[in-house]
Amino acid sequence: QQQVKQSPQSLIVQKGGISIINCAYENTAFDYFPWYQQFPGKGPALLIAIRPDVSEKKEGRFTISFNKSAKQFSLHIMDSQPGDSATYFCAASISFGNEKLTFGTGTRLTIIP
Amino acid sequence: DAMVIQNPRYQVTQFGKPVTLSCSQTLNHNVMYWYQQKSSQAPKLLFHYYDKDFNNEADTPDNFQSRRPNTSFCFLDIRSPGLGDAAMYLCATQGARTGVPNEQFFGPGTRLTVL
Numbered sequence: 607q608q609q610v611k612q613s614p615q616s617l618i619v620q621k622g623g624i625s626i627i628n629c630a631y632e633n634t635a636f637d638y639f640p641w642y643q644q645f646p647g648k649g650p651a652l653l654i655a656i657r658p659d660v661s662e663k664k665e666g667r668f669t670i671s672f673n674k675s676a677k678q679f680s681l682h683i684m685d686s687q688p689g690d691s692a693t694y695f696c697a698a699s700i701s702f703g704n705e706k707l708t709f710g711t712g713t714r715l716t717i718i719p
Numbered sequence: 161d162a163m164v165i166q167n168p169r170y171q172v173t174q175f176g177k178p179v180t181l182s183c184s185q186t187l188n189h190n191v192m193y194w195y196q197q198k199s200s201q202a203p204k205l206l207f208h209y210y211d212k213d214f215n216n217e218a219d220t221p222d223n224f225q226s227r228r229p230n231t232s233f234c235f236l237d238i239r240s241p242g243l244g245d246a247a248m249y250l251c252a253t254q255g256a257r258t259g260v261p262n263e264q265f266f267g268p269g270t271r272l273t274v275l
């Protein structure tokens, strides 16, 4: 019940295209859903996060879509650039009590020219 | 400008030789985490401190210990490193009482090699 399932494992997108990564969770107590971006040899960096009271959050080229009834959320990267090539992790946690992150398995994104 | 600092960035040790990794933070966050990350995998939580309270994950080997002498510093001790302990070790902090309570800030990691 604590798992967060992430797909696809790897993704190749042409420059300028839309990259879409999906995650699904089981625990309905989760109320914070961040996405982390990690470059090789670096620590994960928070990219964007959403809470279940909204269905979408947009920051620049990055958008989270959230479907509470389906217990799914996804990351959309518009106008994907080679600099977006990295590993992306979705995660989930519960506020005010157990803020430990439950990570998805990660998606290696490659943007080709 | 660095907020979560890890030293060293690269550590090479011999099989069975104790090693200590360090983490410091300038965010004054009350929660600190240690993760182990192996190649192509998600970070795996080893333990965390909520203020001074130590919380060990059930599947963290006894070989791994931690110390938090004050708010700013946290150490990971590996008493007898095995080849399977070669990994990236990530420190993260969280201000559970300030700002966005769930948000975790990660350091750059220490890459541990065991010979």
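Each protein sequence line maps, in turn, to chains D and B. With the numbering used here, letter number 90 in the first sequence gets 696, and the count goes up by one each step, no holes. With the numbering used here, letter number 21 in the second sequence gets 181, and the count goes up by one each step, no holes. We treat Cβ as the ideally placed atom computed from N, Cα and C, and that holds for glycine.
Subject >> Three-state secondary structure assigned by DSSP to residue 688 of chain D >> reply: helix
Original post:
Among D:614, D:646, D:654, which residue has its Cα nearest to the Cα of residue 698 of chain D?
Top reply: D:654
**OP:** Would you check if there are 3 or more beta carbon pairs closer than 8 Å linking the stretch 662-673 of chain D to the stretch 681-692 of chain D?
**Re:** yes
Original post:
So residue 216 of chain B is in the beta strand (DSSP E); what residue range does that whole segment cover?
Top reply: 213-216
**OP:** Helix, strand or coil for residue 243 of chain B, going by three-state DSSP, please let me know.
**Re:** helix
**OP:** Since I believe residue 174 of chain B is in contact with residue 236 of chain B (beta carbons under 8 Å), could you give me their beta-carbon distance rounded to a whole number of angstroms?
**Re:** Not a contact, Cβ separation roughly 18 Å.
Original post:
If we count Cβ pairs, one from each stretch, closer than 8 Å, do we get three or more for the stretch 238-255 of chain B versus the stretch 188-205 of chain B?
Top reply: yes
Original post:
Around the Cβ of residue 245 of chain B, are there at least 16 other Cβ atoms within 10 angstroms (buried) or fewer (exposed)?
Top reply: buried
**OP:** Can you tell me which of D:640, D:636, D:621 puts its alpha carbon nearest to the alpha carbon of residue 665 of chain D?
**Re:** D:640
Original post:
residue 620 of chain D lies in the beta strand (DSSP E); which residues open and close that run?
Top reply: 616-620
Subject >> For residue 189 of chain B, three-class secondary structure by DSSP >> reply: coil
**OP:** Output, in chain order, the set of chain D residues within a Cβ distance shorter than 8 Å of residue 202 of chain B.
**Re:** 695, 709, 710, 711, 712
**OP:** Starting from the beta carbon of residue 205 of chain B, find every residue of chain D whose beta carbon is closer than 8 Å, and list them in chain order.
**Re:** 706, 707
Original post:
Since residue 640 of chain D is in the beta strand (DSSP E), which residue starts that stretch and which ends it?
Top reply: 639-644
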